[in-house]
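In full-length UniProt numbering, the protein residues as written are 1 to 158.
This is the structure we're talking about:
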């Protein structure tokens, strides 16, 4: 596990119940099947995150991170955030090379840019990329640091 991802997982675990609502991790075999079925690229650090937490929400009501639907593990949630659904859930200007991996609570999306192998923020109002990170763990680390400034480990607003 890279240092940024380790930091993020450690930070997530410091918070009281109810601050985050993350699902149990998914097996690597399921991730491999998803990749084979869809033919999409998933960064190693994102796949690692999915084995620990298969999506969910951080800093409720906050960022919703997509997971992989596993029909053996759960019934599909009506308003869940799943990668397979996100293949169709795109704004017209997004193109084919962006895969939504998270929804921010104000409408923007965090995406894997398959063409450039980076993580980007898609501004839904401007219809364009407004920010870029070199990895999923870099983006998640920034989210955790922003959340840490707003919410203490007990879940109380600062």
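Glycine included, C-beta positions come from ideal geometry on N, C-alpha and C. Bear in mind that the values here come from a model prediction, so they are computed numbers and not experimental data.
Heavy atom of the ligand GDP within 8 Å of residue 94 beta-carbon: Of the ligands one can find in the structure shown there are none, so the ligand GDP has no counterpart to examine.
task: Throw me the rounded Cβ distance for the residue 120 and residue 66 pair, which I believe falls under 8 Å.
output: Contact between residue 120 and residue 66 is ruled out by a C-beta separation of about 15 Å, above the 8 Å threshold.
task: Return the CA-CA distance between residue 64 and residue 140, expressed in angstroms with no decimal places.
output: Going from the Cα of residue 64 to the Cα of residue 140 covers about 12 Å.
message: Using DSSP's beta-bridge definition, name the partner residues of residue 157.
response: DSSP, once it has assigned bridges, lists 151 as partnering residue 157.
message: Based on DSSP bridge pairs, tell me the residues matched to residue 121.
response: Paired residue(s): 110 and 131.
task: For residue 50, count neighbouring C-beta atoms within 10 Å of its own C-beta (all shown protein chains included) and say buried if the count is 16 or more, exposed if not.
output: Classification of residue 50: buried, given that the 10 Å Cβ count is 16 or more.
- prompt: What residue range is occupied by the uninterrupted beta strand (DSSP E) comprising residue 103?
  reply: Element bounds for residue 103: 98 to 103.
Proximity of residue 55 and residue 23 at Cβ, strictly below 9 Å: Between residue 55 and residue 23, the CB-CB gap stays under 9 Å.
message: Distance check for residue 138 and residue 157, CA to CA, integer angstroms please.
response: Roughly 24 Å between the two C-alpha positions.
field: Span of the beta strand (DSSP E), counted from its first residue to its last, around residue 9
entry: Element bounds for residue 9: not the beta strand (DSSP E) but the alpha helix (DSSP H), 3 to 14.
field: Residue interval of the beta strand (DSSP E) (run including residue 22)
entry: Following the DSSP letters along the chain, one finds residue 22 inside the beta strand (DSSP E) bounded by residues 21 to 24.
- request: Step through the CB atoms of chain C and report whether any lies within less than 9 Å of the CB of residue 25.
  value: This model lacks chain C altogether, as it is built from one protein chain only.
query: Using 8 Å as the threshold, is the region 121 to 129 in touch with the region 88 to 100, meaning 3 or more CB pairs across them?
result: Taking one beta carbon from each stretch, the region 121 to 129 and the region 88 to 100 have 3 or more pairs nearer than 8 Å; the two touch.
- prompt: Can the beta-carbon of residue 40 be found less than 9 Å from the beta-carbon of residue 132?
  reply: Taking 9 Å as the Cβ cut-off, residue 40 and residue 132 do not qualify as a contacting pair.
message: Assuming residue 108 and residue 85 are in contact, meaning their beta carbons sit under 8 Å apart, how far apart are those beta carbons, in whole angstroms?
response: Not a contact, Cβ separation roughly 18 Å.
task: Assign residue 4 to buried or exposed, taking buried as 16 or more other Cβ atoms, counted over all protein chains shown, within 10 Å of its Cβ.
output: Residue 4 is buried by the Cβ-count criterion.
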